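Novice:
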Amino acid sequence: MKPSKPLEQKKATEKIKLRRRLRAVIDTNLFISGLFGKDTVSSRLQNHWINLDFILVTSIDIIKEINRVFHYPRIQERFNPREETLKRFFRLIFRKAVITKDRYKTDRITDDPTDNKFLACALEGKADYIVSRDPHLRNLKHYHGIQIVDASTFVSKIADE
Numbered sequence: 354m355k356p357s358k359p360l361e362q363k364k365a366t367e368k369i370k371l372r373r374r375l376r377a378v379i380d381t382n383l384f385i386s387g388l389f390g391k392d393t394v395s396s397r398l399q400n401h402w403i404n405l406d407f408i409l410v411t412s413i414d415i416i417k418e419i420n421r422v423f424h425y426p427r428i429q430e431r432f433n434p435r436e437e438t439l440k441r442f443f444r445l446i447f448r449k450a451v452i453t454k455d456r457y458k459t460d461r462i463t464d465d466p467t468d469n470k471f472l473a474c475a476l477e478g479k480a481d482y483i484v485s486r487d488p489h490l491r492n493l494k495h496y497h498g499i500q501i502v503d504a505s506t507f508v509s510k511i512a513d514e
């Protein structure tokens, strides 16, 4: 017969199992800077996602935008990225993220309508947070109960969990 775990250890294990992981939509610029930055807030954010400290919620539209931005001439010139880096990154997304079907639409942000895809994805994917440095999103602060924060705030929130 196996010896049983001490009561405190059992309770701690149960709390971990019961804790609901946060769901977050991450903006494209944070993905790109996280791919190429070393020990930056963006790279720490990506590491938290890869380690499953939160659930990444994204969409086909966001994935297309990441691909488009990755191929911008200024990104190519500055970082000289390998295509294999992007392929590996997308494999991670398709394995570890919740990908919405782009069924929701919104027109809340009129100054930059392309940012509405992050709001729609967050609604459809039942996200708790949108993490962005984009002022069009950040100025909203909340959207239908979804908090909109910068990467530092979100990384701190995960560390406190």
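Per the numbering used here, residue 354 is the first one in the sequence shown, and the count goes up by one each step. Backbone N, C-alpha and C define an ideal beta-carbon position, used for all residues, glycine too. Please read all numbers here as calculations on a predicted model, not as lab measurements.
1) Quick one: what's glutamine 500 bridged to in DSSP?
2) Since threonine 438 is in the alpha helix (DSSP H), which residue starts that stretch and which ends it?
3) So which of Ala473, Arg397, Ile379 and Arg486 has the shortest CA-CA distance to histidine 497?
4) CA-CA distance, valine 508 and valine 484?
5) Who are the Cβ neighbours of glutamine 399 in its own chain at under 6 Å, not counting the five residues just before and after it?
6) Do the region 422-432 and the region 443-456 make contact, defined as three or more Cβ pairs closer than 8 Å?
7) Asparagine 433: which of Gly478, Phe389, Asp414 and Lys479 sits nearest, CA to CA?
Specialist: So, from the listed chains and residues:
1) Tyr482 and His495
2) 436-449
3) Ala473
4) 10 Å
5) Gly387
6) no
7) Phe389
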